[in-house]
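Peer 1: If you're matching them up, the sequences are chains A and B in order. 1 is the number of the first residue of the first sequence in this note's numbering; add one for each residue after it. 1001 is the number of the first residue of the second sequence in this note's numbering; add one for each residue after it. Glycine residues also receive a C-beta, built at the ideal position from the N, C-alpha and C atoms. Attaching a single structure in C-alpha cells format; questions to follow.
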Amino acid sequence: MRVAVTVNGTEYAREVEPRLLLIHFLRDELRLTGSHWGCDTSNCGSCVVWLDAKPVKSCTVLAAMADGRAVRTVEDLETDGQLDPVQQGFIECHGLQCGFCTPGMMMTARWLLDHHPDPSEADIREAISGQLCRCTGYENIVRSVRWAAKHPRAGQP
Amino acid sequence: MQVPSQVEYERATSVDHALTLLSRPDTRIVAGGHSLIPMMKLRLASPEVLVDINGLTELAFIRCDGDQLRIGALARHADLLDWAVAGEHFGIFADAERVVADPVVRLWGTVGGSLCQADPSEDLSAAFAAARATAVIRGRHGDRTVPVREFHLGPYETVIGPGELLAEVRVPVRPGTGSAYEKVARRVGDWSVAAAGAVLRLDGGPDKPVIASAGIGLTAVGAAHFVAAQAEEFLLGRVAGTESFAAAGRIAAEHCRPVADQRGPQDYKRHLVAELTLRALRRAAARAVSR
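Next up, the structure:
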C-alpha cells in the first residue's frame, strides 16, 4: 500500500507492506536512524517519536496508521543549528552514557515541557516511567530535563 | 526482529463503514494498538484484515449525561485519567488509569480496546465491573447493551460478535457513592499481581454509615467476570468500617481462583486480594462520606 507521512515537516510517500512498523519505516525507508529500535515489545521507549504531536512508541504503530499524519523525530529537535534546550540539558548534565535510550527520552521530555513548563522531579520521573535507561540510573536524565526547564529558548514554553 | 504476519489494512471513515468492513471474516479493530500489535508481532494474533478506527472521533467522548457517565470506546486512557482527576468524581477511574501501562502508552491506548482485549489481568475490566457499568455494542441493525459483568466470556473473549463493535461504556452515577482502585504490580507498566476496585454507596449519615450498595472488582486473580460477588453480598446492609471491610476482603480472597505464575504464588495473591479489597473499600467509603 502507498503511505504518505509528513516527517519533520517533509512529506514522504512510499510503497510499504501494511505490516511495516513505524520505527522501521523511519529507520529503513527514510534512513532517519536517530530514533532507536530497542526492545520491540513497547517496554523500553527508545523508539518514542511524536505522532500528531503526541509521543508514541513507534515499534507499536504501523506505518499505515501514520498515513496522512505528522511524525516528529529527534532529528527535528535542533533548529537552525541550535540545539533544543532538552538536548543542551543532556549535554550540560551528562544525561546520557551509551545514548541508546536518549532519543526517546528527549522526545518525551520535549512533550512534557511543552505541556508542563516547570515540572517537578516527580513529574519528570512519572513522564519517563515507561522508558528504560540501563546506564544513568535516571538521576542525570531528570537533572537534564530540569536544566531544560530552567533554560527555555525564546518563544518556547 | 518481531514482524507481524501479512495483513490487510483498512481505514474506517465512519462507524457504518467500520461495521461493513468488520463483516469480513478474521477482521480485527485496531485503535491504540498497544495490545493487538504486540500480539501480532509475537504471532499470537494473525488477523487477515485490520480496521483502523482512529479517525472515528464520534467514539472519543467522555461526558456526564443525567445519571450516567458515558465513555466512548475510543476515549484514550490519558483522557479518562485527566477527566477523572479534574472532575474529582469516580475516584476508581482516576486510581485505575494512573496504573494502566505507562504515560506514553496511555496517550494511545483506548478504554474500549482495554475492555475488548479481555486480558484476565486488565485493570479497567475490574473497575467497570465494580461500577456495574454497561457496554453499548453497535451492529448494522442498531445497538444492544450488555452489563460489563456479562461482557467477558473468558480470557481474550467477549460477547462482541462478527460485524459489531463496542461503541461506549455507561456508568451509573448515584449520589452518596465513593470508589477506589488498589493495585500491586512488580514495576511501572506491568500487569497486576492482583488488584481490587470498590464502589460503595452509603446511607444513614456519617456517624453510622450503612452500606446501601457495594461493587467489588478483582483482576488477575481468576475472579469470575472480574467480580467478588460473595463479598459484595456480605457487605449489603452492614455498617461501613474496617471490621466489615476486612471480612469482605477475606471472603473475596477465599472465592477467587488465582494461579501461581511468575508474578507470585497463589497464597500471596490471595493475601493481596484480602488486603487490597480492604484498602479499596476503606478509601471508597472515605470518598463517599467526604462528598
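Does G1112 of chain B come out as helix, strand or coil in the three-state DSSP assignment?
Peer 2: Reading the second sequence from its first residue, position 112 is the one you call residue 1112 of chain B. Three-state DSSP puts G1112 of chain B in a helix.
Peer 1: Determine which residues share a DSSP beta bridge with V1210 of chain B and list them.
Peer 2: Counting from one through the second sequence, the residue named residue 1210 of chain B turns up at place 210. In the DSSP output, where bridge partners are listed per residue, V1210 of chain B has B:D1203 and B:V1239.
Peer 1: Excluding the 5 residues flanking A1094 of chain B on each side, which residues of the same chain have their C-beta closer than 7 Å to its C-beta?
Peer 2: Locating residue 1094 of chain B in the second sequence gives position 94, where the first residue counts as 1. If we look at A1094 of chain B and ignore the five residues flanking it on each side, its Cβ neighbours are L1081, A1084 and V1085.
Peer 1: Just to confirm the assignment, what range does the alpha helix (DSSP H) spanning W37 of chain A have?
Peer 2: If you number the first sequence from 1, residue 37 of chain A lands on position 37. Careful: W37 of chain A lies outside any alpha helix (DSSP H) and carries neither H nor E.
Peer 1: On a CA-only basis, which of B:E1010, B:L1021 and B:V1007 is nearest L1165 of chain B? Give me that one, please.
Peer 2: Translated into the one-based positions of the second sequence, residue 1165 of chain B becomes position 165. Of B:E1010, B:L1021 and B:V1007, the residue nearest in Cα terms is B:L1021.
Peer 1: For R1186 of chain B, which residues from the same chain have a beta carbon less than 8 Å from its beta carbon, with the 5 sequence-adjacent residues on both sides left out?
Peer 2: Translated into positions along the second sequence, residue 1186 of chain B becomes position 186. Within the same chain, R1186 of chain B has close Cβ partners V1193 and R1263.
Peer 1: Kindly identify the DSSP beta-bridge partner or partners of S1192 of chain B.
Peer 2: In the second sequence, the residue the question calls residue 1192 of chain B occupies position 192. Per DSSP, B:A1185.
Peer 1: Is it true that the CB of A1045 of chain B sits closer than 8 Å to the CB of V1092 of chain B?
Peer 2: One-based indexing of the second sequence puts residue 1092 of chain B at position 92. One-based indexing of the second sequence puts residue 1045 of chain B at position 45. As written in the sequence, residue 1092 of chain B is Ile, which differs from the Val given in the question. Not in contact: I1092 of chain B and A1045 of chain B (Cβ atoms no closer than 8 Å).
Peer 1: Per DSSP, E91 of chain A is paired with what?
Peer 2: Taking the first sequence and counting its residues from 1, one reaches residue 91 of chain A at position 91. Checking the sequence shown, residue 91 of chain A turns out to be Ile, not Glu. Paired residue(s): none; I91 of chain A is not in a bridge.
Peer 1: Looking at the unbroken beta strand (DSSP E) that takes in E1008 of chain B, where does it start and where does it end?
Peer 2: Numbered from its first residue, the second sequence carries residue 1008 of chain B at position 8. From DSSP, the beta strand (DSSP E) with E1008 of chain B extends over E1008 to R1011.
Peer 1: Taking the alpha-carbon positions, what's the V145 of chain A to G1163 of chain B distance?
Peer 2: Against the first sequence, residue 145 of chain A aligns to sequence position 145. Against the second sequence, residue 1163 of chain B aligns to sequence position 163. Whole-angstrom Cα-Cα distance: 47 Å.
Peer 1: Please say whether A1012 of chain B and G1112 of chain B have beta carbons closer to each other than 8 Å?
Peer 2: Here residue 1112 of chain B refers to the residue found at position 112 when the second sequence is read from its first residue. Here residue 1012 of chain B refers to the residue found at position 12 when the second sequence is read from its first residue. No.
Peer 1: Assuming D123 of chain A is part of the beta strand (DSSP E), what are its boundary residues?
Peer 2: Locating residue 123 of chain A in the first sequence gives position 123, counting from the first residue. Element bounds for D123 of chain A: not the beta strand (DSSP E) but the alpha helix (DSSP H), E121 to A127.
Peer 1: Compile a chain-ordered list of the residues in the segment 115-127 of chain A whose CB is closer than 9 Å to at least one CB of chain B.
Peer 2: Correct list: E126 and A127.
Peer 1: Under 8 Å between C-beta atoms, does D1082 of chain B make it to chain A?
Peer 2: For the purposes of this step, residue 1082 of chain B is taken as the residue at position 82 of the second sequence. False, the Cβ-Cβ gap to chain A never drops below 8 Å.
Peer 1: Just the chain B side, please: which residues come within less than 7 Å of A64 of chain A by C-beta, in chain order?
Peer 2: Taking the first sequence and counting its residues from 1, one reaches residue 64 of chain A at position 64. Those are Y1009, listed as they occur along chain B.
Peer 1: Please state the DSSP three-state secondary structure of S1005 of chain B.
Peer 2: Within the second sequence, numbered from 1, the residue matching residue 1005 of chain B stands at position 5. It is coil, neither helix nor strand.
Peer 1: Mark V1259 of chain B as exposed unless 16 or more other C-beta atoms lie within 10 angstroms of its C-beta, in which case mark it buried.
Peer 2: Here residue 1259 of chain B refers to the residue found at position 259 of the second sequence. Exposed, since its Cβ has fewer than 16 Cβ neighbours within 10 Å.
Peer 1: Can you confirm whether the segment 69-89 of chain A touches the segment 1-13 of chain A when touching is taken to mean that 3 or more C-beta pairs between the two stretches lie within less than 8 Å?
Peer 2: Yes, the segment 1-13 of chain A is in contact with the segment 69-89 of chain A.
Peer 1: Measure the alpha-carbon distance for A64 of chain A versus E1058 of chain B and round it to whole angstroms.
Peer 2: For the purposes of this step, residue 64 of chain A is identified with residue 64 of the first sequence, where counting begins at 1. For the purposes of this step, residue 1058 of chain B is identified with residue 58 of the second sequence, where counting begins at 1. Their Cα atoms are separated by approximately 22 Å.
Peer 1: Here's the rule I'm using: 16 or more other beta-carbon atoms within 10 Å means buried, otherwise exposed. How should R1138 of chain B be labelled?
Peer 2: Locating residue 1138 of chain B in the second sequence gives position 138, counting from the first residue. By the 10 Å Cβ count, R1138 of chain B comes out buried.
Peer 1: Measure how close the beta-carbons of M107 of chain A and V49 of chain A come, nearest whole angstrom, since I'm counting them as under 8 Å.
Peer 2: Sequence index remark: in the first sequence, residue 107 of chain A carries index 107 (1-based). Sequence index remark: in the first sequence, residue 49 of chain A carries index 49 (1-based). At roughly 6 Å, the Cβ-Cβ gap stays under 8 Å, so M107 of chain A and V49 of chain A are in contact.
Peer 1: If you reduce the DSSP assignment to three classes, tell me which class A943 of chain B lands in.
Peer 2: This structure cannot speak to residue 943 of chain B, because chain B is shown only from 1001 to 1291.
Peer 1: Within a Cβ cutoff of 6 Å, which residues of the same chain sit near W147 of chain A, ignoring the five residues on either side of it in sequence?
Peer 2: What you label residue 147 of chain A is simply residue 147 of the first sequence in a count that begins at 1. Closer than 6 Å at Cβ, skipping near neighbours: G89, E92 and C93.
Peer 1: Between the segment 13-42 of chain A and chain B, which residues of the former have CB atoms less than 9 Å from a CB of the latter, in chain order?
Peer 2: The residues in question are E17, P18, R19, L20, L21, H24, W37, D40, T41 and S42.
Peer 1: Please report the distance separating the alpha-carbon of V1239 of chain B from that of D1261 of chain B.
Peer 2: Mapped onto the second sequence, residue 1239 of chain B falls at position 239. Mapped onto the second sequence, residue 1261 of chain B falls at position 261. Each residue's alpha carbon lies about 37 Å from the other.
Peer 1: Under three-state DSSP, which class holds L21 of chain A?
Peer 2: Position 21 of the first sequence, counted from the start, is the residue given in the question as residue 21 of chain A. Three-state DSSP puts L21 of chain A in a strand.
Peer 1: Can you check whether the CB of Y1156 of chain B is closer than 8 Å to the CB of A1195 of chain B?
Peer 2: Position 195 of the second sequence, counted from the first residue, corresponds to residue 1195 of chain B. Position 156 of the second sequence, counted from the first residue, corresponds to residue 1156 of chain B. Their beta carbons are not under 8 Å apart, which means A1195 of chain B does not touch Y1156 of chain B by this criterion.
Peer 1: Take T1257 of chain B as the anchor and find which of B:C1064, B:L1218 and B:G1109 has the nearest alpha-carbon.
Peer 2: Within the second sequence, the letter at position 257 stands for residue 1257 of chain B. In the sequence under discussion, the amino acid at residue 1257 of chain B is Arg, which differs from the Thr named in the question. Here the closest residue by C-alpha is B:L1218.
Peer 1: Please report how far the alpha carbon of C98 of chain A lies from the alpha carbon of A1101 of chain B, in whole angstroms.
Peer 2: For this step, residue 98 of chain A is matched to residue 98 along the first sequence. For this step, residue 1101 of chain B is matched to residue 101 along the second sequence. C98 of chain A and A1101 of chain B: Cα-Cα distance of roughly 26 Å.
Peer 1: If we count the other Cβ atoms within 10 Å of its Cβ and call it buried at 16 or more, is D84 of chain A buried or exposed?
Peer 2: For the purposes of this step, residue 84 of chain A is identified with residue 84 of the first sequence, where counting begins at 1. Buried, since its Cβ has 16 or more Cβ neighbours within 10 Å.
Peer 1: Please classify G68 of chain A: does DSSP put it in a helix, a strand, or coil?
Peer 2: Residue numbering aside, residue 68 of chain A sits at position 68 when the first sequence is read from its first letter. Three-state DSSP puts G68 of chain A in coil, outside helix and strand.
Peer 1: Under 8 Å, do A1078 of chain B and E1168 of chain B count as touching if we go by C-beta distance?
Peer 2: Working through the second sequence from its first residue, we reach residue 1078 of chain B at position 78. Working through the second sequence from its first residue, we reach residue 1168 of chain B at position 168. Contact flag unset, no.
Peer 1: For the segment 44-56 of chain A, enumerate the residues whose C-beta is nearer than 9 Å to any C-beta of chain B, in chain order.
Peer 2: Under the 9 Å Cβ criterion, the segment 44-56 of chain A contributes G45, V48, L51, K54, P55 and V56.
Peer 1: Is M105 of chain A close to chain B? Criterion is C-beta to C-beta, closer than 8 Å.
Peer 2: Mapped onto the first sequence, residue 105 of chain A falls at position 105. With 8 Å as the cut-off, M105 of chain A does not count as an interface residue toward chain B.
Peer 1: Put Y12 of chain A into one of helix, strand or coil per three-state DSSP.
Peer 2: Position 12 of the first sequence, counted from the start, is the residue given in the question as residue 12 of chain A. Here Y12 of chain A sits in strand by DSSP.
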